[in-house]
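Asks:
2 protein chains.
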Amino acid sequence: MNPLSSFQPFESKIEEFANHHPDAPKREIILNRLYYHVFKLVSERQNHQLSPFGLNSSSWFALIMIHSTPDNAINPCNLSYAMVSSRTNITRLSDELVEKGWVERHASGEDRRKIVLSLTQAGRQLVEAVLPLQWQHYRELWSVFNAVELEQFEFLLRKLLGRIDLPMGGSCEE
Amino acid sequence: MNPLSSFQPFESKIEEFANHHPDAPKREIILNRLYYHVFKLVSERQNHQLSPFGLNSSSWFALIMIHSTPDNAINPCNLSYAMVSSRTNITRLSDELVEKGWVERHASGEDRRKIVLSLTQAGRQLVEAVLPLQWQHYRELWSVFNAVELEQFEFLLRKLLGRIDLPMGGSCEE
DNA sequence: TATTTATAATTAACATGTGAACTATTTTTT
DNA sequence: AAAAAATAGTTCACATGTTAATTATAAATA
Chain E
3 MNPLSSFQPF ESKIEEFANH HPDAPKREII LNRLYYHVFK LVSERQNHQL
53 SPFGLNSSSW FALIMIHSTP DNAINPCNLS YAMVSSRTNI TRLSDELVEK
103 GWVERHASGE DRRKIVLSLT QAGRQLVEAV LPLQWQHYRE LWSVFNAVEL
153 EQFEFLLRKL LGRIDLPMGG SCEE
Chain B
3 MNPLSSFQPF ESKIEEFANH HPDAPKREII LNRLYYHVFK LVSERQNHQL
53 SPFGLNSSSW FALIMIHSTP DNAINPCNLS YAMVSSRTNI TRLSDELVEK
103 GWVERHASGE DRRKIVLSLT QAGRQLVEAV LPLQWQHYRE LWSVFNAVEL
153 EQFEFLLRKL LGRIDLPMGG SCEE
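The listed protein sequences correspond, in order, to chains E and B. Residues in the first sequence are numbered consecutively from 3, following my numbering. Residues in the second sequence are numbered consecutively from 3, following my numbering.
Structure representation (structure tokens):
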């Protein structure tokens, strides 16, 4: 007898629910919750992997985005655009990364409204050290799919995205 | 010329990144972020649909879980189990739902440590009114997939869940 | 050129979630 | 029965995110 999935409690409820509501879109309701459920677990997993380094999935992603920019330097506005996160949150994240000594704030030469966020040496070293570990975790997670399934999953996610995608707005494109 | 996807900024970055890191698991990295990205949009969408009723996706889900329980009544502990959410958060959510007049707190007859959360008449009416609208939104969202794709997507999500699922722990099973 | 408008970053207030510590009970063990 | 352990709910402190308002600067326009 195999142990119950963490999704089981919800499945019992929806089963009961569907019995009383025969016209409910049961499959769609399950898909919605299943998507959320998997997201939550994946997210917890990554945070757990990153916490020994004083990172979480947000701060890690911010470092990677800075690292992926020429000169390892970016404006908060561009970072907000790349992370699809509010400017306010970028300010807070920057505070945190500066506090930890991984990022520096400098005034921009061209535009006195702008700030430049750049990786410190410690920041670069951290990224280089953690990258291979993260790659390994990604490979482990997605190795549950074979080549065809990977292809299918990406295709389906992009199709789903197409249904709900929003116009870009904003003016901070690079 | 079609407008850019909101996922485009990330795709540019990862492209640049992969050029400098040929051994990076590019596809896995994209899948990870794409999953997050779609989650965020789906979530925003649902919150937007629910906000006219003074609901968000959490409070709505809590109401549905109570509604799906015999007698429309549940202990915070069971609700926490069904929602896969901390007890602390259930306390806060309950405060909110009670405040809005949709839920009542009563002492349990059997066990003096326990509380019973039950729907008020207003709560039941709200659920019955919002349910068909939510069903419609679910149908709209997932109608982007045909029958085979729905089947595939659910299969793949469950497979992914299998890779990261956690033992249930806890003692609040029904 | 002077005025208006837009942009960049921040602050303040608040929304939503978590874990640790606490209180009150119930259950288990000795 | 008394002591110990487990369970239910709450409060507190804090993590992580958002929107609205504010300040400074740059760009557009009249």
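Here a beta-carbon is modelled for each residue, glycine too, at the ideal position from N, C-alpha and C.
#1: Within this structure, are the beta carbons of B/L33 and E/E153 separated by less than 8 Å?
#2: Go through its chain and collect everything with a Cβ distance to B/S180's Cβ below 8 Å, but skip five positions before and after it.
#3: Do E/V86 and B/S8 come within 8 Å of each other at the CB atom, strictly closer than that value?
#4: Just the chain E side, please: which residues come within less than 9 Å of B/K42 by C-beta, in chain order?
#5: Is the CB of E/R107 under 8 Å away from at least one CB in chain B?
#6: Extract the residue ranges of the beta strand (DSSP E) inside the stretch 76-131 of chain E, only unbroken runs of 3 or more that lie entirely within it.
#7: So, does the CB of E/R126 fall closer than 8 Å to a CB anywhere in chain B?
#8: So, does the CB of B/H50 fall closer than 8 Å to a CB anywhere in chain E?
#9: Mapping the DSSP letters down to three states, classify E/H23 as helix, strand or coil.
#10: Roughly how many angstroms lie between the CA atoms of E/E13 and E/T93, to the nearest whole one?
#11: Would you tell me roughly how many angstroms separate the C-alpha atoms of E/S104 and E/H50, rounded to the nearest one?
#12: Between B/R47 and chain E, is any beta-carbon pair separated by less than 8 Å?
#13: For E/I116 versus E/N77, is the C-beta distance shorter than 8 Å?
#14: Apart from the five residues on each side of it in sequence, which residues of its chain come closer than 8 Å, Cβ to Cβ, to B/I177?
#15: Report the residue from E/A84, E/I16, E/Q136, E/P27 whose alpha carbon sits nearest the alpha carbon of B/P72.
#16: Say whether chain B places a C-beta atom closer than 8 Å to the C-beta of E/V146.
#17: Please list the partners that E/R165 has in chain B, where partner means a Cβ-to-Cβ separation under 8 Å.
#18: Determine, using beta carbons only, whether E/F55 comes closer than 8 Å to chain B.
#19: Exposed or buried, what is B/I66 when buried is set at 16 or more other beta-carbons lying within 10 Å of its beta-carbon?
#20: With DSSP as the reference, label E/M3 as helix, strand or coil.
#21: Only counting the same chain, and skipping five residues up and downstream in sequence, which positions put a Cβ closer than 7 Å to that of E/M3?
#22: Whole angstroms is fine: what's the gap from B/L36's alpha carbon to B/L43's?
#23: Please classify B/L158 as buried or exposed, where buried requires at least 16 neighbouring CB atoms within 10 angstroms.
#24: Quick check: is the beta carbon of B/S13 nearer than 8 Å to any beta carbon in chain E?
#25: Does any residue of chain E bring its CB to less than 8 Å from the CB of B/W62?
#26: Given B/S173, which residues of its chain have a CB within under 7 Å of its CB, disregarding the five upstream and five downstream residues?
#27: Is B/K70 near B/L95, with beta carbons less than 8 Å apart?
#28: Starting from the beta carbon of E/H162, find every residue of chain B whose beta carbon is closer than 7 Å, and list them in chain order.
#29: How would you call B/Q48, buried or exposed, if buried means at least 16 neighbouring beta carbons within 10 angstroms?
#30: Closest by CA to B/A64, which one among B/E98, B/S53, B/Q123, B/I31?
#31: Less than 8 Å between the CB atoms is what I'm expecting for B/R165 and E/L143, so what's the real figure, rounded?
Replies: To lay it out plainly:
#1: Against a cut-off of 8 Å, the Cβ pair of E/E153 and B/L33 comes out as no contact.
#2: In the structure as shown, chain B begins at 3 and stops at 176. Residue 180 of chain B is therefore absent and cannot be evaluated.
#3: Yes, they are a contact pair.
#4: V86
#5: Answer no: the Cβ-Cβ gap between E/R107 and chain B never drops below 8 Å.
#6: 105-109, 117-121
#7: Cβ-Cβ to chain B under 8 Å: no for E/R126.
#8: no
#9: Coil at E/H23, not helix or strand.
#10: Distance between E/E13 and E/T93, taken at the CA atoms: about 40 Å.
#11: Residue 104 of chain E is actually Trp in this sequence, not Ser. Each residue's Cα considered, the two are about 20 Å apart.
#12: yes
#13: The identity of residue 116 of chain E in the sequence shown is Lys, whereas the question assumes Ile. Yes, the pair counts as a contact, with Cβ atoms nearer than the cut-off.
#14: Coverage of chain B is limited to positions 3 through 176, which leaves residue 177 of chain B absent and any answer about it impossible.
#15: E/I16
#16: yes
#17: L143, V146
#18: no
#19: buried
#20: Note that E/M3 has pLDDT 41, beneath the 50 cutoff, so the model's placement of it is unreliable and the number below is only indicative. DSSP places E/M3 in coil when its eight states are reduced to three.
#21: The predicted position of E/M3 is uncertain, since its pLDDT is 41 and thus under 50; a value taken from the coordinates is nonetheless stated next. Answer for E/M3: no residue qualifies.
#22: The straight-line gap from Cα to Cα measures roughly 11 Å.
#23: Buried is the call here.
#24: It should be noted that the sequence gives Glu, not Ser, for residue 13 of chain B. Cβ-Cβ to chain E under 8 Å: no for B/E13.
#25: B/W62 does not count as touching chain E.
#26: Setting aside the 5 residues that flank it on each side, B/S173 has no residue in the same chain whose C-beta is closer than 7 Å to its C-beta.
#27: As written in the sequence, residue 70 of chain B is Ser, which differs from the Lys given in the question. No; because the gap between Cβ atoms is not below 8 Å, this pair is not in contact.
#28: The question names His, but residue 162 of chain E in the sequence shown is Leu. Under the 7 Å cutoff, chain B gives V40, V146.
#29: buried
#30: B/E98
#31: 6 Å
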